[in-house]
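K.L.:
In the numbering used here, the protein residues as written are 46 to 440.
#1: Restricting to runs no shorter than 4 residues, where is the alpha helix (DSSP H) found entirely within the region 243-308?
#2: With a threshold of 7 Å on Cβ separation, who are the neighbours of residue 310 within its own chain once the five nearest residues in sequence on each side are excluded?
#3: On a CA-only basis, which of 413, 139, 188 and 293 is nearest residue 202? Give me that one, please.
#4: Residue 144 bridges to which residues according to DSSP?
#5: Got a sec, what are the start and stop residues for the beta strand (DSSP E) residue 55 sits in?
#6: Identify whether residue 209 lies in helix, strand or coil by the three-state DSSP scheme.
#7: Return yes when the Cβ of residue 346 is within less than 8 Å of the Cβ of residue 288, no when it is not.
#8: Is the number of C-beta pairs between the region 204-223 and the region 261-271 that are closer than 8 Å three or more?
#9: Go ahead and pull the three-state DSSP assignment for residue 310.
#10: Check whether the region 324-340 touches the region 284-304, counting contact only when three or more Cβ pairs, one atom from each stretch, lie closer than 8 Å.
#11: Less than 8 Å between the C-beta atoms of residue 156 and residue 183, yes or no?
#12: Go ahead and pull the three-state DSSP assignment for residue 64.
#13: For residue 385, which of 405, 105 and 80 has the nearest alpha-carbon?
#14: Taking C-beta to C-beta, are residue 413 and residue 97 nearer than 8 Å?
#15: Could you compute how far the alpha carbon of residue 122 sits from the alpha carbon of residue 129?
#16: Assess, as a yes-or-no matter, whether the region 306-323 is touched by the region 265-276 under the definition of 3 or more beta carbon pairs within less than 8 Å.
#17: Let's test the definition: count the other Cβ atoms within 10 Å of the Cβ of residue 136 and tell me whether it reaches 16, buried, or not, exposed.
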């Protein structure tokens, strides 16, 4: 470990979505950034310089939708074993996934739910932020209606108990409440929509309870009706949001509700299906439609936080972040805007104040990657340098 006061960077992507800057000097004192200037502007009173003239400096990345207890393997036997695994086996898997995130410059993740609640125990008893400094936001076991989708990542309501009663009597502490309000996207019928799992009144109760507890509401929803019910009642984020339609996007922009599109799930499905098969063609159509919605969301001013659904088939922890960034760019986002989705917007959704933007008086937490911006998404594998509150180390 070493400590430096001045960093001369070849390029800076600051996380605000603004243009990429060249030849930038960061002056750091203790844990904070004193100034961000042109590297030839000169600075007196601080000694020690780190030359990163051939590197791109950017905020630490955030994946706003993962499943840490599952991997991206396409082996059905391995996936079933992970779903049924006890704590010890799952603990090792979570540790591996956190390290993969760290190795790709991802320093915060938001879990989207799990079947057994192992992640909460892991964070409380085993997570060492000094060894693996990745912030974890926990949903615990998600809630779904009996007979509907959700058993893989959560639990159903008990008979004769309302959603509000279940949540109010839930002893598990969690950072956000995860609600499943639709089914999965069909890989056989393009654009198929499912009915909402919960009504507006039920979702309104969830939001009320969450506000009282000081936590947020994360809603899995695809299709117009499941999304509109969640948006109208003021949930904090819509997860996936396939086929939600323009009216929901407009309402999300008006209400400031965050969208986590997880487009790379469909890209992964299309790559794992046999070319020419119905599933291959429909998954590709689903992806193209989602990219169209993302493009429209950009026009309307919807806040998008990057999330990958890492742990689903073909979506691998850490590396999926750059794949989702590429898809955002395919939908019309600039590189700087895609980085904002993966940093500042994610930090806002997760309630993280220590990183997300590189600016004067911000905490000095960021990553540096070899090469210029044009090669960034091919280089974000192992950042050459991670700065945590002014302290630097390499992986």
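Beta carbons are placed, not taken as given, at the ideal position from N, Cα and C, and that holds for glycine. Computed from a predicted model, the values in this text were never measured in an experiment.
P.N.:
Reading it off the structure:
#1: 245-258, 269-277 and 291-300
#2: Residue 310 sits at position 265 when you count from the first residue of the chain shown. Excluding sequence neighbours, residue 310 sits near 354, 357 and 360.
#3: By 1-based counting over the chain shown, the position of residue 202 is 157. Each of 413, 139, 188 and 293 was checked against the Cα of residue 202, and the nearest Cα belongs to 188.
#4: To locate residue 144, count along the chain shown from 1; it is residue 99. Per DSSP, none; premise fails for residue 144.
#5: Against the chain shown, residue 55 aligns to sequence position 10. Counting along the chain, the beta strand (DSSP E) containing residue 55 begins and ends at 51-57.
#6: The sequence position of residue 209 within the chain shown is 164, counting from 1. Helix at residue 209.
#7: Along the chain shown, one-based indexing puts residue 288 at 243. Along the chain shown, one-based indexing puts residue 346 at 301. Taking 8 Å as the Cβ cut-off, residue 288 and residue 346 do not qualify as a contacting pair.
#8: With three or more CB-CB distances shorter than 8 Å, the region 204-223 counts as touching the region 261-271.
#9: For the purposes of this step, residue 310 is taken as residue 265 along the chain shown, with counting starting at 1. In this structure, residue 310 counts as helix in the three-state DSSP scheme.
#10: yes
#11: Sequence index remark: in the chain shown, residue 156 carries index 111 (1-based). Sequence index remark: in the chain shown, residue 183 carries index 138 (1-based). Their beta carbons are under 8 Å apart, which means residue 156 touches residue 183 by this criterion.
#12: Taking the chain shown and counting its residues from 1, the one referred to as residue 64 is at position 19. Three-state result, residue 64: coil.
#13: Indexing the chain shown from 1 puts residue 385 at position 340. Per the Cα distances, 105.
#14: As a position in the chain shown, residue 413 is number 368, starting the count at 1. As a position in the chain shown, residue 97 is number 52, starting the count at 1. Going by C-beta atoms, residue 413 is nearer than 8 Å to residue 97.
#15: Within the chain shown, residue 122 is the residue found at index 77, counting from 1. Within the chain shown, residue 129 is the residue found at index 84, counting from 1. Cα to Cα, the separation comes out at about 11 Å.
#16: With a cut-off of 8 Å, the region 306-323 and the region 265-276 do not count as touching, because too few Cβ pairs lie within range.
#17: Within the chain shown, numbered from 1, the residue matching residue 136 stands at position 91. Its Cβ being crowded by 16 or more others within 10 Å, residue 136 is buried.
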